[in-house]
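Engineer: First, the structure itself, so that you have it in front of you.
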Amino acid sequence: MKAIEIRNKYLNYFKNHGHKIIPSSPLIPENDPSVLFTTAGMQPLVPYLLGEKHPEGTRLTDYQKCLRTNDIDEVGDNRHLTYFEMLGNWSLGDYFKEESIAMSYEFLTKELEIPADKISVTCFAGDEDAPRDEITAECWKKAGIPEERIYFYGKDDNWWIAGEEGPCGPDTEMFYDTGKPACSPECQPSCGCGKYVEIWNNVFMEYYRTKDGKYEKLKQHNVDTGLGLERMTMLLQGKETPFDTELFAPIMQKLSELSKNDSIESRRIVAEHLRASMMIIADGGRPSNIDRGYVLRKLIRRMTRHLNKMQIDLNELETLIELDIDILKEMYPELEKNKEIIKQVIVEEKNKFMKTLAHGEKEFEKAISRAKAENKNTIDGQTIFKLYETYGFPPEITSDLAAEQGFKIDNSEFDKLFKEHQEKSRMGSEQKFKGGLAEQNEKTIAYHTATHLLHKALQIVLGEHAKQKGSNITTERLRFDFSHPEKMTKEELKQVEDIVNEQIKRDLPVKCEEMSLEEAKKSGAMGLFENKYGEKVKVYTIGDFSKEICGGPHVTHTGELGHFRIKKEESSSAGVRRIKAVLE
Ligand code: SER
Numbered sequence: 005m006k007a008i009e010i011r012n013k014y015l016n017y018f019k020n021h022g023h024k025i026i027p028s029s030p031l032i033p034e035n036d037p038s039v040l041f042t043t044a045g046m047q048p049l050v051p052y053l054l055g056e057k058h059p060e061g062t063r064l065t066d067y068q069k070c071l072r073t074n075d076i077d078e079v080g081d082n083r084h085l086t087y088f089e090m091l092g093n094w095s096l097g098d099y100f101k102e103e104s105i106a107m108s109y110e111f112l113t114k115e116l117e118i119p120a121d122k123i124s125v126t127c128f129a130g131d132e133d134a135p136r137d138e139i140t141a142e143c144w145k146k147a148g149i150p151e152e153r154i155y156f157y158g159k160d161d162n163w164w165i166a167g168e169e170g171p172c173g174p175d176t177e178m179f180y181d182t183g184k185p186a187c188s189p190e191c192q193p194s195c196g197c198g199k200y201v202e203i204w205n206n207v208f209m210e211y212y213r214t215k216d217g218k219y220e221k222l223k224q225h226n227v228d229t230g231l232g233l234e235r236m237t238m239l240l241q242g243k244e245t246p247f248d249t250e251l252f253a254p255i256m257q258k259l260s261e262l263s264k265n266d267s268i269e270s271r272r273i274v275a276e277h278l279r280a281s282m283m284i285i286a287d288g289g290r291p292s293n294i295d296r297g298y299v300l301r302k303l304i305r306r307m308t309r310h311l312n313k314m315q316i317d318l319n320e321l322e323t324l325i326e327l328d329i330d331i332l333k334e335m336y337p338e339l340e341k342n343k344e345i346i347k348q349v350i351v352e353e354k355n356k357f358m359k360t361l362a363h364g365e366k367e368f369e370k371a372i373s374r375a376k377a378e379n380k381n382t383i384d385g386q387t388i389f390k391l392y393e394t395y396g397f398p399p400e401i402t403s404d405l406a407a408e409q410g411f412k413i414d415n416s417e418f419d420k421l422f423k424e425h426q427e428k429s430r431m432g433s434e435q436k437f438k439g440g441l442a443e444q445n446e447k448t449i450a451y452h453t454a455t456h457l458l459h460k461a462l463q464i465v466l467g468e469h470a471k472q473k474g475s476n477i478t479t480e481r482l483r484f485d486f487s488h489p490e491k492m493t494k495e496e497l498k499q500v501e502d503i504v505n506e507q508i509k510r511d512l513p514v515k516c517e518e519m520s521l522e523e524a525k526k527s528g529a530m531g532l533f534e535n536k537y538g539e540k541v542k543v544y545t546i547g548d549f550s551k552e553i554c555g556g557p558h559v560t561h562t563g564e565l566g567h568f569r570i571k572k573e574e575s576s577s578a579g580v581r582r583i584k585a586v587l588e
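Set out below in structure tokens:
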């Protein structure tokens with residue numbers, strides 16, 4: 005089934021069940037400067053979820069164009085997309101759990117003809133804010149899902165809210181069993197191994213989370229559901245990635261034909277960023293140096309860079325745009341309507357970027373002269389980073405040019421600086437998404453301390469080589485990248501969790517001392533980005549367990565952390581693993 009058929013089936017199904025089809029809102033939210041882009045179907049409906057009357061009634065359905073940029077740097081792998089389409093249906097104080105679940109089940113099994121035994125579901129396990137959602141589980145049983153395929157999880161998995169404040173509630177998620185072998189006897193939908201793929205999320209929105217974290221009952225109970233179209237298309241077609249579906253396949257093929265230096269990763273980046281850029285431009289976005297405009301600029305530049313990398317003639321860009329519009333115009337007629345402006349904006353931005361590159365080349369020549377004068381044969385990481393940050397000069401080009409003149413580049417130093425920069429900008433965009441509410445608060449501070457415990461625990465279980473490669477913290481979770489050559493086993497993960505939880509139970513004091521970098525090293529403190537530290541550094545000691553150079557802040561006692569749980573262990577890049585973990 006093609007994507008457009010799935011979309012039409014969806015809208016028709018809900019229309020036949022009393023829903024009014026409403027148009028997709030633009031990708032760029034109207035009158036809402038607090039968010040960059042529309043990130044979910046419910047976003048334009050917030051006032052109605054809070055009780056305002058919707059002119060079309062209490063049952064609505066639509067397809068919504070969405071853009072999420074927090075994972076922009078991960079595009080290129082087999083699943084991440086920035087732009088995607090979310091199909092949704094809403095009850096604004098109308099039906100609730102039973103009817104919503106009955107419709108979802110019928111749509112999946114009858115309309116999409118997914119075999120019932122491929123579907124598992126998850127429900128909210130309950131906590132101090134809201135009860136265990138037995139009603140939802142009962143509804144599933146009634147619909148036809150046997151008890152053994154109904155799972156209960158906590159807030160991290162089965163509670164939905166956009167950001168920090170707003171309408172929210174327990175959700176129930178539907179998972180598709182890809183038929184891949186289970187990674188272990190305990191493998192379940194929450195496991196990240198790839199056997200189970202989330203396909204639909206029904207949120208039972210009956211609460212409002214206030215600024216200070218309290219949950220109040222909403223005036224009305226709502227249902228908000230979201231189904232990712234690209235993912236569903238891929239699954240129904242039995243494809244491994246969204247890039248293998250008709251939404252991307254022709255452009256992937258064309259890129260392959262044009263490239264003299266083919267790379268699947270680069271092709272995915274170009275195909276994905278081109279589509280996202282076109283959608284933003286069609287909805288009125290233009291490149292600039294701030295906020296939304298910067299996201300668009302970044303998308304176009306990254307795309308250009310990868311075209312360059314594959315040695316594709318940049319004059320082909322217009323052909324590629326035309327081809328992509330042909331692929332997508334049936335679904336998005338606005339692309340065809342804005343074809344000329346789309347071409348103009350993308351080509352102009354590409355030209356600007358090429359000038360930037362030319363400018364960078366001059367700086368590069370200066371760096372070479374400096375290195376020669378100093379009798380060095382390596383271009384240092386600071387210079388590569390400056391070329392990247394100030395002139396938008398891609399490091400792989402720096403590396404190529406350096407090689408031509410017999411110079412090497414210090415990649416490891418650049419990588420460190422780049423990772424820091426990436427974390428900063430990622431945090432920046434996540435903050436923006438949450439309307440600036442994601443500042444350091446109790447939760448991020450706790451995750452920060454948990455990260456130190458995790459780092460040390462990994463070294464104990466895996467060995468000293470398990471060093472930090474990157475870290476990212478939100479109020480919901482920590483993410484930690486570290487060097488390790490292979491997938492961690494279940495036992496290793498359990499050991500790490502146990503060690504961290506033991507340190508939390510011991511309620512160890514966290515102490516901060518200032519000392520010179522030399523002294524810090526001598527004291528055995530773990531240090532990460534050594535070249536970034538000044539003369540004096542802060543060293544955080546957690547009882548007798550860990551000692552690490554760090555800017556803080558941290559909790560005063562580990563007892564404040566709660567229970568530590570690893571949610572996912574996956575590959576981040578070659579030789580680097582990634583752990584996502586939560587405190588509950
Ligand atoms: N708001 C929920 C989501 O984004 C369901 O639509 O998944």
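Heads up, the sequence shown is in this note's numbering, so the first residue is 5 and it goes up one at a time. Built from N, CA and C at the ideal position, the CB exists for glycine as well.
Is there at least one non-hydrogen atom of ligand 1 closer than 7 Å to the beta-carbon of Trp163?
Structural biologist: Every heavy atom of ligand 1 is 7 Å or more from the Cβ of Trp163, so no.
Engineer: Taking a contact to mean a Cβ-Cβ separation below 8 Å, would you say His561 touches Val514 in this structure?
Structural biologist: Against a cut-off of 8 Å, the Cβ pair of Val514 and His561 comes out as a contact.
Engineer: With respect to 7 Å, is the separation between the Cβ of Val207 and the closest non-hydrogen atom of ligand 1 below this value?
Structural biologist: Under cutoff, so the answer is yes.
Engineer: Relative to the alpha-carbon of Asp133, which residue among Thr113, Glu152, Glu115 and Asn162 has its alpha-carbon at the smallest distance?
Structural biologist: Here the closest residue by C-alpha is Asn162.
Engineer: Per DSSP, what kind of secondary structure is Thr86 in: helix, strand or coil?
Structural biologist: Looking at Thr86 - three-state DSSP - the assignment turns out to be coil, as it is neither helix nor strand.
Engineer: If we count the other Cβ atoms within 10 Å of its Cβ and call it buried at 16 or more, is Leu416 buried or exposed?
Structural biologist: According to the sequence as given, residue 416 is Ser; it is not Leu. Classification for Ser416: exposed.
Engineer: Per DSSP, what kind of secondary structure is Cys70 in: helix, strand or coil?
Structural biologist: Strand, per DSSP.
Engineer: Decide if Ile294 is buried, meaning its Cβ has at least 16 other Cβ atoms within 10 Å, or exposed.
Structural biologist: Exposed.
Engineer: For Thr182, which residues in the same chain have their Cβ closer than 8 Å to its Cβ, ignoring the five residues on either side in sequence?
Structural biologist: For Thr182, where only same-chain residues beyond five positions count, the Cβ hits under 8 Å are Gly198, Lys199, Tyr200, Val201 and Leu239.
Engineer: If the criterion is Cβ atoms closer than 8 Å, does the pair Asp228 and Met209 meet it?
Structural biologist: Going by C-beta atoms, Asp228 is nearer than 8 Å to Met209.
Engineer: If you measure between the beta carbons of Ile285 and Ile345, is that distance less than 8 Å?
Structural biologist: Yes, the Cβ-Cβ distance between Ile285 and Ile345 is below 8 Å.
Engineer: For Gly1, I'd like the list of residues in its chain whose CB is within less than 7 Å of its CB, leaving aside the five on either flank, ordered along the chain.
Structural biologist: The question about residue 1 has no answer, for the chain in this structure spans 5 to 588.
Engineer: Consider the C-beta atom of Asp228 and the heavy atoms of ligand 1; say whether any pair is separated by less than 7 Å.
Structural biologist: Answer for Asp228: yes, Cβ within range of ligand 1.
Engineer: Distance, Cα to Cα, Asp175 vs Lys19?
Structural biologist: Distance between the alpha carbons of Asp175 and Lys19 is about 23 Å.
Engineer: Output yes or no for whether 8 Å exceeds the beta carbon distance between Val586 and Arg483.
Structural biologist: Against a cut-off of 8 Å, the Cβ pair of Arg483 and Val586 comes out as no contact.
Engineer: Can you grab the Cα-Cα spacing for the pair Ile8 / Arg235, in whole Å?
Structural biologist: Rounded to whole angstroms, Ile8 to Arg235 spans 13 Å at the Cα level.
Engineer: Please name the residue, chosen from Asp502, Lys540, Glu496 and Ile503, that lies closest to Cys516 on a Cα-to-Cα basis.
Structural biologist: Among Asp502, Lys540, Glu496 and Ile503, the Cα nearest to that of Cys516 belongs to Lys540.
Engineer: I'd like to check one pair, Lys473 with Val580: are the Cβ atoms closer than 8 Å?
Structural biologist: Yes, they are a contact pair.
Engineer: Whose CA, out of Trp94, Arg63, Met283 and Lys525, lies closest to the CA of Leu339?
Structural biologist: Residue Met283 is the option with its Cα nearest to Leu339.
Engineer: So, are the CB atoms of Arg301 and Glu352 less than 8 Å apart?
Structural biologist: No.
Engineer: Between Cys127, Ile154, Lys223 and Ala470, which lies nearest to Glu490 when the distance is taken from Cα to Cα?
Structural biologist: Minimum Cα distance to Glu490 is reached at Ala470.
Engineer: Rounded C-beta distance between Lys412 and Thr382? I'm assuming under 8 Å.
Structural biologist: Right, the Cβ-Cβ distance comes to about 5 Å (below 8 Å), so this counts as a contact.
Engineer: To the nearest angstrom, report how far apart Gly289 and Leu303 are at their CA atoms.
Structural biologist: If I take the Cα positions, the gap works out to 12 Å.
Engineer: Compare the Cα-Cα distances from Asn74 to each of Lys146, Glu427 and Arg510 and report the closest residue.
Structural biologist: When each option's Cα is compared against that of Asn74, the closest is Glu427.
Engineer: In three-state DSSP terms, what is Cys191?
Structural biologist: DSSP places Cys191 in coil when its eight states are reduced to three.
Engineer: Suppose the cutoff is 6 Å on Cβ atoms and the five residues either side in sequence are ignored; what does the same chain contact list for Lys347 look like?
Structural biologist: Taken in chain order, the residues that qualify are Glu322 and Ile325.
Engineer: Going along the chain, which residues of its own chain have a beta-carbon closer than 7 Å to the beta-carbon of Phe389, five neighbours each way excluded?
Structural biologist: The residues are Phe418, Leu421 and Phe422.
Engineer: What residue range does the beta strand (DSSP E) around Glu340 cover?
Structural biologist: It is not in any beta strand (DSSP E) - Glu340 instead sits in the alpha helix (DSSP H) that spans Pro337 to Lys341.
Engineer: Is it the case that the CB of Gly45 approaches a heavy atom of ligand 1 more closely than 7 Å?
Structural biologist: Checking the Cβ of Gly45 against ligand 1 gives yes.
Engineer: Hey, Val79 and Ile273: beta-carbon distance below 8 Å or not?
Structural biologist: Cβ atoms of Val79 and Ile273: closer than 8 Å.
Engineer: How about Arg213 and Gly170: do their beta carbons lie closer than 8 Å?
Structural biologist: Contact flag set, yes.
Engineer: Using DSSP's beta-bridge definition, name the partner residues of Asp181.
Structural biologist: DSSP lists Tyr200 as partners of Asp181.
Engineer: Using 8 Å as the threshold, is the segment 128 to 143 in touch with the segment 58 to 78, meaning 3 or more CB pairs across them?
Structural biologist: With the cut-off at 8 Å, the segment 128 to 143 and the segment 58 to 78 do not touch.
Engineer: Measure the Cβ-Cβ separation of Gln409 and Ile372 and say whether it is below 8 Å.
Structural biologist: Yes, these two residues count as a Cβ contact at 8 Å.
Engineer: Ligand 1 and Gly92: does the residue's C-beta get closer than 7 Å to at least one heavy atom of that ligand?
Structural biologist: Yes, Cβ of Gly92 sits closer than 7 Å to a heavy atom of ligand 1.
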